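**Student:** This is the structure, below, for whatever I ask next.
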Amino acid sequence: MDVRNCKMCGNLFNYTGSPLCPACNNKMEKKFSEVKDYIRENPTSSISVVSEEMEVPIQQLKRWIREERLSFSKESGVVIQCEKCGAPILTGRFCKECKRTMTKSLESLYSVNAAGSDRKKGSESARMRFIDK
Ligand SMILES: [Zn+2]
Ligand SMILES: [Zn+2]
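Numbering (my numbering), first residue to last: 93 to 225.
Quick look at the structure:
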């Protein structure tokens with residue numbers, strides 16, 4: 093069992109992948125919807141204003157943005173950077189361009205794999221024929 097101290101309240105809890113205890117996680121979820129409402133009502137607020145007004149660390153706000161749960165409007169001036177090329181984006185981890193090339197390379201990876209397994213099958217049956225003889 094992995095027991096850790098909650099990053100928020102310091103209480104011990106069974107670690108399940110989140111740095112917060114279940115109680116604080118619940119609090120954070122509630123906070124999240126408040127923050128979301130706040131941003132909807134104040135679309136031009138910058139991230140530091142939201143952080144101050146909502147008493148949520150900027151780091152946490154950015155995490156929500158990375159998880160694509162939260163997105164600021166262009167007017168807020170809030171931008172994060174694409175993890176691949178550094179282009180300014182509003183939400184998520186990668187820009188549209190990188191997302192597209194990644195999907196493409198995934199597709200070509202898949203077709204290469206498919207071709208590879210076909211080749212393997214071919215040589216296997218060739219060997220079988222050889223053994224049969
Ligand atoms: Zn806690
Ligand atoms: Zn990019």
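Positions of the beta carbon are idealized from the N, C-alpha and C atoms, including for glycine. Small disclaimer: the values here were computed from a predicted structure and weren't measured.
(1) At a cut-off of 8 Å, would you count Glu160 as near ligand 2, judging by its Cβ distance to the nearest heavy atom?
(2) Spatial neighbours of Val142 within its chain, please: C-beta separation below 7 Å, excluding the five flanking residues on both sides.
(3) Cα-Cα, which of Tyr202, Lys166 and Lys119 is closest to Val148?
(4) Using a Cβ-Cβ cutoff of less than 7 Å, which residues in the same chain neighbour Lys99 once the five nearest sequence positions on both sides are dropped?
(5) Taking 8 Å as the cut-off, is the C-beta of Phe124 nearer than that to any heavy atom in ligand 1?
(6) Where does Cys101 land, buried or exposed, given buried means 16+ other C-beta within 10 angstroms?
(7) Using DSSP bridges, identify the partner residues of Phe105.
(8) Given this structure, state the Cα-to-Cα distance separating Glu199 from Glu189, to the nearest angstrom.
(9) Alpha carbon to alpha carbon, how far is Ser165 from Pro135?
(10) Sorry if obvious, but does the Cβ on Ala115 come closer than 8 Å to a heavy atom of ligand 1?
(11) Taking all protein chains shown into account, decide if Ser203 is buried (16 or more other Cβ within 10 angstroms of its Cβ) or exposed.
(12) Buried or exposed: Ser197, going by 16 or more other Cβ atoms within 10 Å of its Cβ?
**Tutor:** Taking the structure as given:
(1) The sequence position of residue 160 within the sequence shown is 68, counting from 1. Checking the Cβ of Glu160 against ligand 2 gives no.
(2) Here residue 142 is taken as the residue at index 50 of the sequence shown, counted from 1. Only Val127, Tyr130, Ile131 and Leu153 meet the Cβ criterion.
(3) Along the sequence shown, one-based indexing puts residue 148 at 56. When only C-alpha atoms are compared, the closest one is Lys119.
(4) Against the sequence shown, residue 99 aligns to sequence position 7. Taken in chain order, the residues that qualify are Pro111 and Leu112.
(5) Residue mapping note: residue 124 aligns to position 32 of the sequence shown, counting from 1. Answer for Phe124: no, Cβ out of range of ligand 1.
(6) Residue 101 sits at position 9 when you count from the first residue of the sequence shown. So Cys101 ends up on the exposed side.
(7) Taking the sequence shown and counting its residues from 1, one reaches residue 105 at position 13. DSSP lists Arg96 as the bridge partner or partners of Phe105.
(8) Indexing the sequence shown from 1 puts residue 199 at position 107. Indexing the sequence shown from 1 puts residue 189 at position 97. Computed Cα separation, rounded: 15 Å.
(9) Numbered from 1 along the sequence shown, position 73 holds the residue referred to as residue 165. Numbered from 1 along the sequence shown, position 43 holds the residue referred to as residue 135. Between Ser165 and Pro135, the alpha-carbon positions lie close to 6 Å from each other.
(10) The residue you call residue 115 lines up with position 23 of the sequence shown. Result yes, Cβ under 8 Å from ligand 1.
(11) Taking the sequence shown and counting its residues from 1, one reaches residue 203 at position 111. So Ser203 counts as exposed.
(12) Within the sequence shown, numbered from 1, the residue matching residue 197 stands at position 105. So Ser197 ends up on the exposed side.
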